[in-house]
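Trainee: Please read through the structure below; I'll follow up with questions.
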Amino acid sequence: DLEDVELTLTVENTGEGDANFVNSKINLPLGFTPSNSYSDRANLGIIKEGESKSAKFFIDTDKYLQAGIHRGELYLNYEDENGLKSSERITFDLPVKGKPLFQVVEAKTVPEEVIPGSSVQLGITLQNFGSEEGQETSIRVFENSDLPFNFDEKTNFIGTLKPGESGRGIFT
């Protein structure tokens, strides 16, 4: 769930001559998109024999992108010293680190019907549907001047939630 991630790929000329008018374009796997128009392209100019140049791209990642290694493709177009046009396709890895993702799966009051002036307990249940554990997880409620509620405690510590686990916090 990031925007404008800078992706740098280094292209090395391992051939027996200079590569002229080198331009590159990336093809991204599902879950990745170019940040804006033409941020998936880079012109590298001339790459001399045995030298390398870096191409910078800017990409966005989806919020629910799975952790693991994703494969991208780099397309290169260039001319050799004799003006012969060539193209290559090179695959590269995009490693994605997992993260905890939380969602409120239940919010319940006891008693169920809230009566003005009474004390009520609000139970909120969170579930970690991400791919990494959430350490020292806590939830917090915010009072709103438009609503006539006051809370004794505004933060409730839940603890560590592994992927798929749920935790509950209770506010009075």
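Residue numbers for the sequence shown follow my numbering, so the first one is 4 and each next one is one higher.
All C-beta atoms in this analysis are idealised placements derived from N, C-alpha and C, irrespective of residue type, glycine included.
Fair warning: this is a prediction, and the values are worked out from it, not measured in the lab.
#1: Determine the burial state of I173: buried for a count of at least 16 other Cβ atoms within 10 Å of its Cβ, exposed for fewer.
#2: Using 8 Å as the cut-off, can you tell me whether the segment 43 to 63 makes contact with the segment 22 to 30, which would need three or more C-beta pairs spanning the two stretches below that distance?
#3: For the structure I just gave you, are there three or more beta carbon pairs, one from the segment 80 to 93 and one from the segment 9 to 25, closer than 8 Å?
#4: Can you give the Cα-Cα distance for K181 and N16, rounded to whole angstroms?
#5: Please name the residue, chosen from Q130, N131 and D155, that lies closest to V123 on a Cα-to-Cα basis.
#6: Could you check what DSSP says for I118 in three-state terms: helix, strand or coil?
#7: Looking only at C-alpha atoms, which of G120, T158, I118 and P37 sits nearest to G126?
#8: Who are the near neighbours of E109 in its chain, counting only those whose CB is closer than 6 Å to its CB and skipping five residues on each side?
Mentor: Inspection of the coordinates gives the following:
#1: exposed
#2: yes
#3: yes
#4: Here the chain comprises residues numbered 4 to 175, so residue 181 is not present and cannot be evaluated.
#5: D155
#6: coil
#7: T158
#8: T128
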